[in-house]
Amino acid sequence: MKPVRLALLMVACCASAPVLALEPEAAARSLLAEARSFEHGEGVRRDTARAAALYCQAAKLGDAEAQFNLAWMYANGRGVERDDALAATFFDLAARQGHEHAQRMLRFTGAPTRELPLCMQDPPEPEPVMTADIDPDLEAAFGTTADRKRVIEIVRELAPHFDIDPQLVLAVIGTESNFNPKARSPKNAQGLMQLIPETAQRFNVRDTFDPVQNIRGGMAYLRWLLAYFEGDVVLATAGYNAGEGAVDRYKGVPPYRETREYVKRIQTLFRKTEHRYDQNVTTPSPVLRTLVSRRG
Numbered sequence: 135m136k137p138v139r140l141a142l143l144m145v146a147c148c149a150s151a152p153v154l155a156l157e158p159e160a161a162a163r164s165l166l167a168e169a170r171s172f173e174h175g176e177g178v179r180r181d182t183a184r185a186a187a188l189y190c191q192a193a194k195l196g197d198a199e200a201q202f203n204l205a206w207m208y209a210n211g212r213g214v215e216r217d218d219a220l221a222a223t224f225f226d227l228a229a230r231q232g233h234e235h236a237q238r239m240l241r242f243t244g245a246p247t248r249e250l251p252l253c254m255q256d257p258p259e260p261e262p263v264m265t266a267d268i269d270p271d272l273e274a275a276f277g278t279t280a281d282r283k284r285v286i287e288i289v290r291e292l293a294p295h296f297d298i299d300p301q302l303v304l305a306v307i308g309t310e311s312n313f314n315p316k317a318r319s320p321k322n323a324q325g326l327m328q329l330i331p332e333t334a335q336r337f338n339v340r341d342t343f344d345p346v347q348n349i350r351g352g353m354a355y356l357r358w359l360l361a362y363f364e365g366d367v368v369l370a371t372a373g374y375n376a377g378e379g380a381v382d383r384y385k386g387v388p389p390y391r392e393t394r395e396y397v398k399r400i401q402t403l404f405r406k407t408e409h410r411y412d413q414n415v416t417t418p419s420p421v422l423r424t425l426v427s428r429r430g
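Quick note on the numbering used here: the sequence shown kicks off at 135 and runs consecutively.
Printed below as a string of structure tokens:
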């Protein structure tokens with residue numbers, strides 16, 4: 135991306151947010167007037183880069199004069215890097231709306247470009263969160279009471295926000311607490327997803343016996359573990375039970391009977407060994423390379 139186009143985007147997104155709340159025509163007129171002020175230094179300090187950004191916003195709203203002025207700036211390299219193809223594009227846009235000067239300028243320009251500055255482009259549609267639905271048999275097996283059904287609905291609602299398969303979350307809840315929101319283990323793990331106080335603090339859970347807070351904290355930890363072990367469900371769930379440090383020390387599922395049975399139980403309910411993960415959540419475990427070489 136050219137630096138000037140990034141600058142146009144940054145200036146445009148911050149300069150006139152209140153203006154853009156107006157109706158399109160009124161917003162375009164206001165942006166055009168402000169752009170002219172900055173282009174010529176009328177009542178403000180001259181700032182051609184900011185003028186170009188404002189013209190670009192007005193041009194996106196369909197203002198022919200702004201399109202023409204921006205074309206002229208690109209044609210002459212005023213406040214923006216000279217770009218004859220972009221100049222031709224903006225002259226063409228203005229000419230199509232009957233702008234006489236733009237129509238005359240088209241005789242002297244080359245072919246328009248298909249590429250527009252970022253401020254003229256609509257932001258990309260966010261990718262939909264991909265998450266599997268809950269298997270009806272598993273839902274029927276777990277949702278035997280009104281309270282359990284409520285837990286399932288909480289999981290169904292929250293799982294997409296953490297990009298975690300809700301069936302994995304239900305498998306953990308069923309294995310950890312058997313859906314008892316008041317469960318407490320001898321090691322002081324608490325609530326539906328059995329958060330120990332250190333984990334609760336780590337993921338900002340104030341009340342571990344509140345179902346929503348507990349599930350949020352448990353999902354946050356699961357998401358972190360999946361990223362740490364790069365989507366390996368066996369290692370992530372082993373880490374959930376025994377701690378990621380134990381998995382790192384033993385370079386795999388720790389030889390604890392409880393952890394091995396725990397992982398088997400999760401696999402019985404979830405039946406997948408890989409899960410998507412967000413590599414931006416954390417750096418991966420240092421033992422993964424060793425594990426991959428062993429498997430290979």
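Cβ atoms here follow ideal geometry from the backbone N, Cα and C, with glycine treated the same way.
Near Y390, what residues of its chain come up, given a Cβ to Cβ distance below 7 Å and the 5 sequence neighbours on each side ignored?
-> A376
Residue nearest to F313 in terms of C-alpha spacing, selected from A280, N210, L359 = A280
Local conformation of E168 per DSSP, three classes | Helix at E168.
Can you check whether the CB of Y208 is closer than 8 Å to the CB of D221?
-> Strictly speaking, residue 221 in this sequence is Ala, with Asp absent from that position. Yes, these two residues count as a Cβ contact at 8 Å.
Close-in-space but distant-in-sequence residues of the same chain around D382 (CB under 8 Å, 5 per side omitted) | Scanning its chain for C-beta atoms nearer than 8 Å, with the 5 sequence neighbours on each side dropped, one finds around D382 the residues S419, P420, V421, in chain order.
DSSP beta-bridge partners of L329 = Q324
In chain order, each beta strand (DSSP E) run of at least 3 residues that lies wholly inside the region 333-405 = Counting whole runs of 3 or more residues, the region 333-405 contains no beta strand (DSSP E) stretch at all.
Measure the C-alpha to C-alpha separation of T416 and S319 and round it to an integer number of angstroms.
-> 29 Å
Would you kindly report the start and end of the unbroken alpha helix (DSSP H) that includes G211?
-> Neither: G211 is in no alpha helix (DSSP H) and is coded neither H nor E.
So what's R290 in DSSP terms, helix, strand or just coil?
-> In the displayed model, R290 falls within a helix according to three-state DSSP.
For F337, I'd like the list of residues in its chain whose CB is within less than 7 Å of its CB, leaving aside the five on either flank, ordered along the chain.
-> G351, A354, Y355
Stretch-stretch touch, CB-based, cutoff 8 Å, three pairs: the region 155-166 with the region 197-206 = yes
With 16 as the cutoff for other CB atoms within 10 Å, does V178 come out buried or exposed?
-> exposed
Where R405 falls, given that 16 or more other Cβ within 10 Å makes a residue buried | exposed
Please classify R318: does DSSP put it in a helix, a strand, or coil?
-> strand
Going by CA-CA distance only, name the one from N210, E310, F202, F363 that's closest to H235.
-> F202
Beta carbon of P345, beta carbon of I288: below 8 Å?
-> yes
Roughly how many angstroms lie between the CA atoms of D181 and N210, to the nearest whole one?
-> 16 Å
Same chain, Cβ closer than 6 Å to G373, five either side skipped, listed in chain order = L359, V381
Three-state secondary structure (DSSP) at E408?
-> strand
Would R410 pass as a contact of D269 if the rule is Cβ separation under 8 Å?
-> no
For D299, count neighbouring C-beta atoms within 10 Å of its own C-beta (all shown protein chains included) and say buried if the count is 16 or more, exposed if not.
-> With at least 16 other beta carbons inside 10 angstroms of its own, D299 counts as buried.
Where do the N-terminal and C-terminal ends of the alpha helix (DSSP H) with M239 fall, by residue?
-> 234-239
In terms of residue numbering, what span does the alpha helix (DSSP H) encompassing G277 cover?
-> No alpha helix (DSSP H) holds G277; DSSP gives it neither H nor E.
Between the Cα of A169 and the Cα atoms of E176, L188, A183, R163, which residue gives the shortest distance?
-> L188
Same chain only: Cβ atoms within 7 Å of P388, ignoring 5 sequence neighbours per side | Hits under 7 Å: A372, A376, A380, V381.
Nearest to Q401 by CA position, among K385, L302, G386, is which residue?
-> Ranking the options by Cα distance to Q401, first place goes to L302.
R357 versus E273: straight-line alpha-carbon distance, rounded | 22 Å
When the Cα atoms are used, what is the spatial distance from L425 to Y384?
-> 11 Å
DSSP state of M264 mapped onto helix, strand, coil | The pLDDT assigned to M264 is 49, lower than 50, so where the model puts this residue is not dependable, and the model offers no usable value.
Can the beta-carbon of A185 be found closer than 8 Å to that of G213?
-> yes
Kindly give me the distance between the Cβ atoms of V339 and Q328, rounded to whole angstroms, as I take these residues to be in contact under 8 Å.
-> Actually they are not in contact, since the Cβ atoms of V339 and Q328 sit about 12 Å apart, beyond 8 Å.
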